[in-house]
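Visitor: Okay, here's the structure, questions in a sec.
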Amino acid sequence: MRTTIGYTIESIGYVVGAQGAVTFASRTFFGAEWGWVPKIVDLPSAAYLGILAVGLALVAVGVNTRKAPARRDTA
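Residue numbering for the sequence shown follows numbering that gives the first Met the number 0, beginning at 0 and increasing consecutively.
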């Protein structure tokens, strides 16, 4: 179960991080809005770096959850 939860959190992190990166890059370098997030909420360009950071944090948590050793009850 721990592995499944880790992969799920990691996968969500990749999607969230990619959306933050793509939207930041498109607004900053191309003057357009790509991705799903701008269709939901209008944020300043710097806020998309925060979304990227949240995505990276989710990836890190997912990897750590997945790689954590299983607990053994010695009772």
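Each residue gets a CB set at the ideal place from its N, CA and C atoms; glycine is no exception.
Taking Arg26 and Arg65 to be in contact with their CB atoms under 8 Å, please state how far apart those CB atoms are, rounded to whole angstroms.
Guide: Taking the first residue of the sequence shown as position 1, residue 26 is located at position 27. Taking the first residue of the sequence shown as position 1, residue 65 is located at position 66. In fact, because the Cβ distance is near 33 Å, the residues do not count as touching under 8 Å.
Visitor: Once DSSP output is grouped into helix, strand and coil, what is the label at Gly30?
Guide: For this step, residue 30 is matched to residue 31 along the sequence shown. Three-state DSSP puts Gly30 in coil, outside helix and strand.
Visitor: Would you check if the distance between the CB atom of Ala24 and the CB atom of Gly54 is smaller than 9 Å?
Guide: On the sequence shown, residue 24 is found 25 positions in, with the first residue counted as 1. On the sequence shown, residue 54 is found 55 positions in, with the first residue counted as 1. Against a cut-off of 9 Å, the Cβ pair of Gly54 and Ala24 comes out as no contact.
Visitor: According to DSSP, is Val15 helix, strand or coil?
Guide: Position 16 of the sequence shown holds residue 15. Val15: helix per DSSP, three-state reduction.
Visitor: Inspect the beta-carbon positions of Leu48 and Gly19 and report whether they are closer than 9 Å.
Guide: Locating residue 48 in the sequence shown gives position 49, where the first residue counts as 1. Locating residue 19 in the sequence shown gives position 20, where the first residue counts as 1. Yes. Within cutoff.
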